[in-house]
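Counted from 1, the sequence shown has number 115 at position 115 by this note's numbering; the numbering is strictly sequential. Note that beta-carbon positions come from the ideal geometry of N, C-alpha and C, so glycine has one too.
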Amino acid sequence: MKWYLKIIPLLFILVAWEIVSVILNNPFILPEPASVAAVLMKPTADILGSGSILENSRLSIWRVALGFGLAVACAVPAGIIIGRYQIIEDLVNPIIQLFRPIPPLAWVPLALAWFKIGLPSMVFIIFIGSFFPILINSIDGVRRVNRTWIETASIYGAKGWKLLVYVILPAAAPAIWTGLRVGFGVAWMCVVAAEMLPGTTSGIGYLIMYSYNWGQVQVIIAGMIIIGIIGIGVDILFRAVEKRKFQWQEMNR
């Protein structure tokens with residue numbers, strides 16, 4: 001599809017937005033696109049004494065990096081071990097299935113009780129949100145490794161860590177990478193929600209709630225757009241790496 005065709009839906013949304021905002025004529029319900037654009041065009045300007053969009057976005061990204069990085073460090077090794085050994089999977093699968101459906105925000109009261117208000121509680125919520133998508137995809141990736149590859153490598157003397165490094169990990173890498181991509185998306189949603197909690201004083205989620213309290217709907221929508229832009233940007237990076245490093249997966253289908 002041509003690039004200019006992809007912007008048609010966006011233009012349609014902007015035109016519809018402009019028309020509806022003019023009809024409503026109420027900036028507290030739906031401000032005009034121009035007022036939102038004015039906020040976006042000044043990313044370093046202080047907003048109501050709560051910091052700029054750029055600074056709050058940077059803090060949100062930093063929190064996601066901490067929680068997501070911790071989830072990757074825990075979920076990927078755990079997923080490889082669980083997927084490799086059936087007896088371990090049989091033992092821990094009931095626990096995984098018990099905790100996996102629990103929404104990350106349901107952990108908020110416990111996070112506040114354990115870590116109080118601040119960075120640790122937000123990192124914990126981000127960690128919980130991104131841990132299970134990464135874990136499940138890592139387990140599935142290892143389980144789906146072609147047994148013929150493992151048996152052939154074993155015949156030629158590949159055992160233990162050599163089998164893991166040269167056969168299992170490369171074969172499971174596409175599924176693990178998909179887990180990272182999904183996990184980051186969940187982590188990004190979690191940080192915005194966590195920053196809306198009482199006691200938070202920074203972050204893009206905090207900026208949205210703070211602006212709501214002051215009736216600055218144009219700032220709210222600008223913050224939502226920034227969330228989407230950052231999310232799309234990171235997802236593009238994930239897809240670019242996937243396309244570059246895992247082309248062999250498409251050839252084997």
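Return the first residue and the last residue of the alpha helix (DSSP H) that residue i is part of.
i, result
"residue 82", "53 to 84"
"residue 12", "8 to 24"
"residue 116", "Per DSSP, residue 116 belongs to no alpha helix (DSSP H) and is neither H nor E."
"residue 41", "Careful: residue 41 lies outside any alpha helix (DSSP H) and carries neither H nor E."
"residue 239", "217 to 245"
Is the beta carbon of residue j closer than 8 Å to that of residue i?
i, j, result
"residue 138", "residue 68", "no"
"residue 51", "residue 211", "no"
"residue 92", "residue 80", "no"
"residue 246", "residue 181", "no"
"residue 135", "residue 45", "no"
"residue 231", "residue 208", "no"
"residue 87", "residue 141", "no"
"residue 205", "residue 71", "no"
"residue 84", "residue 168", "yes"
"residue 145", "residue 172", "yes"
Keeping to the same chain, check which residues put their C-beta closer than 7 Å to that of residue i; ignore five residues upstream and five downstream.
i, result
"residue 20", "30"
"residue 18", "32, 33"
"residue 291", "Absent from the model: residue 291. The displayed extent of the chain is 1 to 253, so no value can be given."
"residue 43", "52, 53, 54"
"residue 251", "Interpretation of residue 251 is limited by its pLDDT of 46, a score under 50 that renders its predicted location unreliable; no figure is taken from the coordinates."
"residue 133", "179, 182, 183, 186"
"residue 75", "131, 134, 135, 138"
Here's a check: name, in chain order, each residue in its chain whose Cβ is nearer than 6 Å to the Cβ of residue i, leaving out the five neighbours to either side.
i, result
"residue 253", "Unreliable positioning characterises residue 253 in this predicted model, as indicated by a pLDDT of 47, which lies under 50. The coordinate reading is nonetheless provided below. Cβ neighbours of residue 253 beyond the five flanking positions: none."
"residue 218", "31, 35, 36, 39"
"residue 111", "121, 124, 125"
"residue 178", "137"
"residue 60", "191, 203, 204"
"residue 143", "83"
"residue 89", "82"
"residue 104", "125, 128, 129, 190"
"residue 221", "36"
"residue 66", "123"
Who are the near neighbours of residue i in its chain, counting only those whose CB is closer than 8 Å to its CB and skipping five residues on each side?
i, result
"residue 215", "28"
"residue 107", "124, 125, 128"
"residue 6", "none"
"residue 198", "117"
"residue 10", "none"
"residue 213", "none"
Practice task
State whether the segment 187 to 202 contacts the segment 118 to 130, with contact taken as three or more CB pairs (one from each stretch) at a distance under 8 Å.
Solution key: The count of Cβ pairs closer than 8 Å, one atom from the segment 187 to 202 and one from the segment 118 to 130, reaches three, so the stretches are in contact.
Practice task
Evaluate contact between the segment 54 to 68 and the segment 98 to 118, counting only Cβ atoms and requiring at least three cross-stretch pairs below 8 Å.
Solution key: No: the two stretches stay apart, fewer than three of their Cβ pairs being nearer than 8 Å.
Practice task
Run through the segment 139 to 211 for me and flag every whole alpha helix (DSSP H) of 4 or more residues, listed as ranges in chain order.
Solution key: 147 to 155, 169 to 194
Practice task
Could you say if the segment 94 to 102 and the segment 33 to 46 meet the contact criterion of at least three C-beta pairs nearer than 8 Å?
Solution key: no
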